[in-house]
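Here the structure is laid out as structure tokens; the discussion comes afterwards.
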Amino acid sequence: MWLSALNGFWQVLLAGLLLGSGLPILFALGVKSIAWAHGDLPDRAANPAGKLVAGALFAVVLLAVLLGLSYIVAHGFGYTLVWNGMLPSFTHK
3 MWLSALNGFW QVLLAGLLLG SGLPILFALG VKSIAWAHGD LPDRAANPAG KLVAGALFAV
63 VLLAVLLGLS YIVAHGFGYT LVWNGMLPSF THK
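Per our numbering, the very first residue in the sequence shown carries number 3; after that it's consecutive.
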């Protein structure tokens with residue numbers, strides 16, 4: 003009983019760390035990449051690869067936010083979000 007509770011605790015802690023600090027870090031790195039793309043960093047020349055990196059980082063953050071909102075809205079309408087392979091889908095409770 004204690005081991006299953008401890009296992010659940012670590013899963014919640016890991017999810018909180020990834021979503022609570024991971025997404026803001028990815029967003030900050032995206033902003034830094036835009037500055038890199040425009041050459042706004044000291045001692046750095048402009049690099050167009052920064053736009054590509056920033057776009058990828060912002061896409062990951064946007065997908066995580068949309069997935070979270072979808073989860074909340076689905077539960078409000080009586081659906082649940084399930085993972086079938088790589089893609090999430092909604093099923094009626």
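Using N, Cα and C, we set each Cβ at its ideal position, and we do this for glycine too.
So what does Val84 bridge to, in DSSP terms? Locating residue 84 in the sequence shown gives position 82, counting from the first residue. Ser91.
Candidates Gly41, Phe29, Phe79 and Leu43: which alpha carbon is nearest Phe60's? As a position in the sequence shown, residue 60 is number 58, starting the count at 1. Of the candidates Gly41, Phe29, Phe79 and Leu43, the one whose C-alpha sits nearest the C-alpha of Phe60 is Phe29.
Okay, do the segment 13–28 and the segment 54–68 touch, 3+ Cβ pairs below 8 Å being the bar? yes
Alpha carbon to alpha carbon, how far is Lys34 from Leu15? The count along the sequence shown starts at 1 and reaches residue 34 at position 32. The count along the sequence shown starts at 1 and reaches residue 15 at position 13. If you take the alpha carbons of Lys34 and Leu15, they lie about 28 Å apart.
For Gly2, count the other beta carbons within 10 Å of its own beta carbon; 16 or more makes it buried, fewer makes it exposed. Which is it? As shown, the chain starts at 3 and ends at 95. That puts residue 2 outside it, with no answer to give.
Where Gly41 sits in the DSSP three-state scheme: Position 39 of the sequence shown, counting from 1, holds the residue named residue 41. Three-state DSSP puts Gly41 in coil, outside helix and strand.
Can you name the start and end residues of the alpha helix (DSSP H) that Phe60 belongs to? Taking the first residue of the sequence shown as position 1, residue 60 is located at position 58. Counted as a single uninterrupted DSSP element, the alpha helix (DSSP H) harbouring Phe60 occupies residues Ala51 to Gly78.
In angstroms with no decimal places, state the Cα-to-Cα distance between Trp38 and Leu71. Along the sequence shown, read from residue 1 onward, the residue named residue 38 stands at position 36. Along the sequence shown, read from residue 1 onward, the residue named residue 71 stands at position 69. Whole-angstrom Cα-Cα distance: 31 Å.
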